[in-house]
Amino acid sequence: MLLDPVALTQNLIQRPSVTPNDEGCLDLVTEHLQEMGFNCHRLPFGDVDNLYARLGTTEPNFCFAGHTDVVPVGDLSRWSVDPFGGIIKDGYVYGRGAVDMKGAVACFVAAVSEFLAKGSFKGSISLLLTSDEEGPARDGTIKVIEWLKSKGEKISACLVGEPTNPKELGQMVKVGRRGSLNAKITAVGRSGHVAYPHFAINPIPALLDYLQHLLEKPLDEGMQDFDPSHLEITSVDVGNPTTNVIPDTAIAQLNVRFNPIYTGQSLTAYLETILEKVKSKHKSQWLLDTKISGEAFLTHHPILRKLVGDAVHEITGKIPEFSTSGGTSDARFLKDICPVVEFGLINAEAHQIDEKVRIEDLKMLTKVYIKILEKAESSSF
């Protein structure tokens, strides 16, 4: 049974699976995989549906991982097409999730179908899919990994199909990711009339002083395989609708994308150290709350890196750059149980109005995934 990655991409797009809703995407994938002989496990956790499917019982167990959920469409009036129509126009398939990442999921399944039509896999092939990647990521891949551990299920190597290429298919393979930390800093003063500031404690200068200390020098200068860590202030708010009241609270939020020079814990300690320096200069009270979305990591595994890089080169004709750029992905969880790299479609289209994927890219990506399977079955992970 050969599956068409283009038609399958259309079918997946037509299911409006805005995170964490699946809307039947995993039903469709499960149906195709079961017809190919996969043992499929549907794994609901909370409001999130997940799928782990495996064909074979021996090693190596090569896993394709990804997600079927998508981000909201945004302003619908700005779309020139139905975001969940999956229409074809001018050589592209249009729709939310076309590149991030229903197109790659379709290529996973189509590649497996074509590979198996030629024979069996000397080992096992598995797919790990979630509908909680674009959301909080609490009940998706991380919970499936816990389930795998409880069952003694091992994955030898994993490829995540996130969109990795800047402009053309074959340009970039992700071999790691920066970590991500979100912080909320609250300075609490005392409100009062602006004409009588001596009766009030204005928290705004205190908060600005803290932020200025954070920005006065770079966190680091980067390291091999990683750009410098970067701190970005994302919000400063006092919630004050009036002009004659000194507010009692000022809140700032920031995000840090960090390389392995830091861990989430050491970066939190750094933010606390800077806060201690500022506290003595102001009368405000302070609250610092941090959340670590993922730690920085780098996949050193030479066999997996070469396998994927060679497959990409043989099919696309390009020598891909091994990169750690971009945001976070579920690879940050999978790296705890197996070596993991990422290769997918064109990331410039991700989350865009009129998101689209070239039909030829879907066909080429399917060929890359087939080539990866051919190389994986003879590899020692």
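Counted from 1, the sequence shown has number 341 at position 341 by the working numbering; the numbering is strictly sequential.
Built from N, CA and C at the ideal position, the CB exists for glycine as well.
Start and end of the alpha helix (DSSP H) containing residue i?
i, result
"Glu360", "359-376"
"Asn11", "5-13"
"Phe45", "It is not in any alpha helix (DSSP H) - Phe45 carries neither H nor E in the DSSP assignment."
"Val144", "141-150"
"Cys338", "Unbroken run through Cys338: none, as it is neither H nor E."
Can you check whether the CB of residue j is closer than 8 angstroms to the CB of residue i?
i, j, result
"Phe62", "Gly123", "yes"
"Cys158", "Val340", "yes"
"Leu254", "Glu272", "no"
"Leu304", "Phe226", "no"
"Ile370", "Ala106", "no"
"Thr329", "Val70", "Sequence inspection shows Ser at residue 329; the Thr mentioned does not correspond to that position. No, Cβ-Cβ distance for Ser329 and Val70 is not below 8 angstroms."
"Ile292", "Lys367", "no"
"Phe108", "Gly95", "no"
"Ser323", "Met223", "no"
"Ser150", "Ala206", "no"
"Gly176", "Phe258", "no"
"Gly326", "Gly170", "no"
Throw me the rounded Cβ distance for the residue i and residue j pair, which I believe falls under 8 angstroms.
i, j, result
"Ile13", "Ala65", "Incorrect: roughly 20 angstroms between the Cβ atoms, too far for contact."
"Gly189", "Pro203", "4 angstroms"
"Tyr52", "His67", "Between His67 and Tyr52 the Cβ distance is about 13 angstroms, and since that is not below 8 angstroms, they are no contact."
"Ala252", "Ser235", "7 angstroms"
"Gly264", "Gly179", "6 angstroms"
"Ser131", "Asp49", "5 angstroms"
"Ala350", "Asp100", "4 angstroms"
Do you know whose CA, among the options, lies nearest residue i's CA?
i, options, result
"Asp237", "Ala187, Ser126, Ala7", "Ala187"
"Asp361", "Asn347, Pro228, His351, Leu231", "Asn347"
"Asp168", "Met364, Asn182, Glu377", "The displayed chain sequence assigns Glu, not Asp, to residue 168. Considering only alpha carbons, the answer is Met364."
"Glu162", "Ser156, Lys217, Lys102", "Lys102"
"Ser77", "Lys89, Thr130, Asp354", "Asp354"
"Phe45", "Met223, Gly140, Tyr210", "Gly140"
"Leu127", "Ile261, Tyr92, His32, Val256", "His32"
"Leu55", "Ser325, Val357, Leu116", "Leu116"
"Cys338", "Glu349, His351, Thr299", "Thr299"
"His213", "Ser131, Glu114, Leu231, Gly327", "Leu231"
"Lys184", "Gly86, Val256, Tyr262", "Val256"
"Leu129", "Pro302, Phe343, Asp22", "Asp22"
"Leu2", "Val18, Pro16, Met36", "Met36"
"Asp220", "Lys375, Ile261, Ala311, Phe199", "Ile261"
"Val93", "Gly24, Trp79, Lys356, Leu215", "Lys356"
"Leu307", "Thr19, Lys143, His282, Glu377", "Glu377"
"Ile88", "Thr58, Thr9, Ser113", "Thr9"
"Val245", "Ile201, Lys375, Trp286", "Ile201"
"Ser266", "Ser229, Ile359, Ser156, Ile145", "Ser229"
"Gln352", "Ala311, Glu216, Gly74", "Gly74"
Considering just the uninterrupted stretch of the beta strand (DSSP E) at residue i, what are its terminal residues?
i, result
"Ile303", "Unbroken run through Ile303 is the alpha helix (DSSP H), 302-316; no beta strand (DSSP E)."
"Arg332", "Arg332 -> not in any beta strand (DSSP E); alpha helix (DSSP H) instead, spanning 331-334."
"His282", "Segment: none, His282 is in no beta strand (DSSP E) and carries neither H nor E."
"Ser323", "321-323"
"Val209", "Per the sequence shown, residue 209 should be read as Asp rather than Val. Unbroken run through Asp209 is the alpha helix (DSSP H), 203-215; no beta strand (DSSP E)."
"Asp27", "From DSSP, Asp27 is part of no beta strand (DSSP E) but of the alpha helix (DSSP H) over 25-35."
"Gly66", "61-67"
Taking all protein chains shown into account, do 16 or more other C-beta atoms lie within 10 angstroms of the C-beta of residue i, making it buried, or fewer, making it exposed?
i, result
"Tyr196", "exposed"
"Pro320", "buried"
"Leu373", "buried"
"Gly152", "exposed"
"Pro72", "exposed"
"Pro136", "exposed"
"Pro247", "buried"
"Arg138", "exposed"
"Pro241", "exposed"
"Glu133", "buried"
"Val194", "exposed"
"Lys143", "buried"
"Gly91", "exposed"
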